[in-house]
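**Student:**
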Amino acid sequence: MFNDIICDHFMNPRNIGELTDADYVIEISNPICGDTVHMYLKLNQEVISDVAYRAYGCSTSIATASIVSEKIVGMSKTEISSITRSNVVEWLGELEPSQLHCVDIALNILNQCANPTKKKFEQKEFLIEGEGAF
Amino acid sequence: MNLSTQLKELGLSPLNTLVGSAHNLYKMPFDTVNEYKGSIIADNFHYHYENNEFYRDLCKKKDVRPEDVKGFDDLTKIPLIPVQTFKQCDSHLLMTSKLNEVEFEMRSTGTSGIPSVSRRDRLTMDSAFDSVVTTYREFFKLSRGMGLFLFPPTEEMPEMGMVKALNVFAGLLDGSVNLVKKITFNPEKAVEVLQSWDGKHTRHIVGPPFLVYRLIKYCMDRNIKLNLEKNSFIITLGGWKRFTGEEIPRAEFNELCHEYLGVQSYNVRDMYGLVEANMLAVECHKQEKHIPPWVHVSMRNPHNVLEEVEYGERGVIAIYDPTSISYPGFILTEDVGYLRKDTSCECGRNGQTLVYISRMPGVEVGCCAINLEKFIEEKEKGMAIKGGI
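Listed in order, the protein sequences are those of chains W and Z.
Heads up, my numbering is the position in the first sequence plus 1138, with the first residue counted as 1.
Heads up, my numbering is the position in the second sequence plus 17, with the first residue counted as 1.
(1) Interface residues of chain W around residue 171/Z at Cβ under 9 Å?
(2) Between the alpha carbons of residue 59/Z and residue 289/Z, how many angstroms are there, rounded?
(3) Would you please verify whether the beta carbon of residue 137/Z is less than 8 Å from any beta carbon of chain W?
(4) Select from the stretch 1195 to 1213 of chain W all residues with a C-beta closer than 8 Å to any C-beta belonging to chain Z, and list them in chain order.
(5) Select from the stretch 379 to 393 of chain Z all residues with a C-beta closer than 7 Å to any C-beta belonging to chain W, and list them in chain order.
(6) What does residue 1152/W reach in chain Z if we use C-beta pairs closer than 7 Å?
(7) Rank 331/Z, 385/Z, 246/Z, 272/Z by C-alpha distance to the C-alpha of residue 256/Z and give the top, closest one.
(8) In or out: residue 376/Z buried (at least 16 other Cβ within 10 Å) or exposed?
(9) To the nearest angstrom, report how far apart residue 214/Z and residue 75/Z are at their CA atoms.
(10) So, at 8 Å on beta carbons, what are the nonlocal neighbours of residue 132/Z in its own chain, with the 5 sequence-adjacent residues on each side left out?
(11) Going along chain Z in order, which residues have a C-beta closer than 8 Å to the C-beta of residue 1193/W?
(12) Since residue 347/Z sits in a beta bridge, which residues does DSSP pair it with?
(13) Quick one, which residues of the stretch 1170 to 1190 of chain W are near chain Z if we go by CB-CB under 8 Å, in chain order?
(14) Would you kindly report the start and end of the unbroken alpha helix (DSSP H) that includes residue 1174/W?
(15) Starting from residue 31/Z, trace the alpha helix (DSSP H) both ways and give me its first and last residue.
(16) Distance cutoff 8 Å, beta carbons only. Does residue 1270/W sit that close to anything in chain Z?
(17) Return the residue from the list 194/Z, 150/Z, 185/Z that minimises the CA-CA distance to residue 163/Z.
(18) Quick check: the Cα distance between residue 1226/W and residue 295/Z, rounded to an integer number of angstroms?
(19) Does any residue of chain W have a CB that is nearer than 8 Å to the CB of residue 65/Z?
(20) Do residue 374/Z and residue 350/Z have their C-beta atoms within less than 8 Å of each other?
(21) I need the boundaries of the alpha helix (DSSP H) containing residue 287/Z, first residue and last residue.
(22) How would you list, in chain order, the residues of chain Z whose beta-carbon sits under 7 Å from the beta-carbon of residue 1140/W?
(23) Taking the straight line between their C-alpha atoms, what separation do you get for residue 1202/W and residue 178/Z?
(24) Determine the DSSP secondary structure at residue 208/Z, reduced to helix, strand or coil.
(25) Short of 8 Å Cβ to Cβ, which residues in the stretch 281 to 315 of chain Z face chain W?
(26) Under 8 Å Cβ-Cβ, which residues of chain Z neighbour residue 1240/W?
(27) Less than 8 Å separating the beta-carbons of residue 314/Z and residue 356/Z?
(28) Within a Cβ cutoff of 7 Å, which residues of the same chain sit near residue 309/Z, ignoring the five residues on either side of it in sequence?
(29) Could you tell me whether any Cβ in chain Z is nearer than 8 Å to the Cβ of residue 1148/W?
(30) State the DSSP-derived secondary structure class of residue 306/Z, mapped to helix, strand or coil.
(31) Measuring only between beta-carbons, confirm whether residue 350/Z sits less than 8 Å from chain W.
(32) In chain Z, which residues lie with their C-beta within 7 Å of the C-beta of residue 1143/W?
(33) Taking 8 Å as the cut-off, decide whether the C-beta atoms of residue 204/Z and residue 232/Z are in contact.
(34) Taking the C-alpha atoms as reference points, what is the distance between residue 403/Z and residue 145/Z?
(35) Whole angstroms are fine: how far does the CA of residue 371/Z sit from the CA of residue 97/Z?
(36) Taking the DSSP output, what are the residues bridged to residue 429/Z?
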């Protein structure tokens, strides 16, 4: 079900974590399936000098965040914008149909990395259980 | 020599023997079943201790060694994994199996949008299906009839735990129709489908409480009274709390099922489960949720979860599920409930029966159902704006 590249990056994730001094943050989320990537970027001039991320969801999407994080370090924004779908397909290796949405996750991350605008993550509200249980 | 050792010497799987003997186990004395499941759960603990570095380290930190867990009396020593660990971005650490052995990923997404993902290998999937099918057969004896499925088809949400578990009913019935498509529920169509089966099939309704409630509300508003068959079931799974925080009252729900769908309350059956466990606690005709006899539930003191509370006292639900091979199925949930003091149910079954109360105070309210409801409502609002209403 999972190719060797995905297995390797899922079990041994690269760059996992947060950057406290990030210049930009990137957020990818699918509200229905829940695949979520929070990425932190540090830029030196126009080049990605450091990256970290936290990914949540299916194994392939988590591995995808790791793969992309490894590829983009040292790349300029212009270089990132020239990455194609076929480049991403090659990075992720052979995927099953149910995993192909991760190509789009990678492309979404890359698209935002090439044009980062967000400085911090937005707070999301969600329902919290009240005090009645005990 | 304990049961597990004896069966293994005969070349049999102790776990599969228990799951396959569910009906007999429900009739056996409580202590006998505890002894059986205790040895199976202890075996499963030893397996994870030997094969899962993360879990072994956790056990060492808690000073628990394999020789400390021999059977039922030692189960509470088994270190529990807080359920929120399945949401963390380093959840790969939970894996006892390797990712290339994983066959199926199942998820539940709460109101925060961050999913809880559990990863199952072949053996875990075998046991999960055996466990669910055996439980459904034990409590519903379904092999015929038509199912009105008030949840999305699996091809639309293939990994959603609630959908996967409820869709197992499709294989037991003569046919089924999913009335939630593309995140839209059409109650008018649901009524049409039910009426088209009238006099031809025994009709069953399966889905989360909020969608059954919506169907009933639709009938109430139009004074439609359906009269399903004597043996029809209304089977629910998923939270009773709506994403708005409002709770659907169970007693009223039962009465409305009777009044508008013609189903007696003893055939309105709720189930409790979580995506990280392979079990469902299903209600009998006395509306008591029975824990499968191969699973052990322990209630924990919310102020000190290492401490077990007595039967009848409220606590945090902890589950010891020996059917999980790909990760340790020893899970501390975020749910509050209690176990009935009387372990002999009026339905004739023995064993643990669980009363679910709510989520833990202060934790995210979330399950597959609440998320689905939120999306349906958001989509309907969007459609209304588009249509200029």
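The beta carbon of each residue, even a glycine, is placed where N, CA and C say it ideally should be.
None of these values were measured; they are calculated from a predicted model.
**Tutor:** Reading it off the structure:
(1) Within chain W, no residue comes near residue 171/Z; the closest Cβ sits about 11 Å away, beyond 9 Å.
(2) 24 Å
(3) Interface flag for residue 137/Z against chain W is unset, since no Cβ pair is found closer than 8 Å.
(4) 1195, 1196, 1197, 1200
(5) 379, 380, 381, 382, 392
(6) Residues of chain Z passing the Cβ test: none, with the nearest at roughly 13 Å.
(7) Minimum Cα distance to residue 256/Z is reached at 385/Z.
(8) buried
(9) Roughly 54 Å separates the two Cα atoms.
(10) If we look at residue 132/Z and ignore the five residues flanking it on each side, its Cβ neighbours are 104, 124, 125, 126.
(11) 106
(12) 337/Z
(13) 1170, 1171, 1172, 1173, 1174
(14) Per DSSP, residue 1174/W lies in no alpha helix (DSSP H) segment; the continuous beta strand (DSSP E) that holds it begins and ends at 1174 to 1182.
(15) 31 to 37
(16) With 8 Å as the cut-off, residue 1270/W counts as an interface residue toward chain Z.
(17) Answer by Cα proximity: 194/Z.
(18) 36 Å
(19) Not closer than 8 Å to any Cβ of chain W, the Cβ of residue 65/Z fails to qualify, so no.
(20) no
(21) Here residue 287/Z belongs to no alpha helix (DSSP H); instead the beta strand (DSSP E) covers 285 to 290.
(22) 116, 117, 119
(23) When rounded, the separation of the alpha-carbon atoms in residue 1202/W and residue 178/Z is 23 Å.
(24) helix
(25) Within the stretch 281 to 315 of chain Z, no residue has a Cβ lying closer than 8 Å to any Cβ of chain W.
(26) Within chain Z, no residue has its CB atom less than 8 Å from the CB of residue 1240/W, the nearest being about 12 Å off.
(27) yes
(28) 39, 148, 152, 296
(29) Closer than 8 Å to some Cβ of chain Z, the Cβ of residue 1148/W qualifies, so yes.
(30) Of the three classes helix, strand and coil, the one that applies to residue 306/Z here is strand, per DSSP.
(31) no
(32) Residues of chain Z passing the Cβ test: none, with the nearest at roughly 11 Å.
(33) yes
(34) Any answer about residue 403/Z is weak, because its pLDDT of 45 lies below 50 and its placement is not dependable; what the coordinates show is given next. So the alpha carbons of these two residues sit roughly 43 Å apart.
(35) 19 Å
(36) Residue 429/Z falls outside the range modelled here, since chain Z spans only 18 to 406, and no answer is possible.
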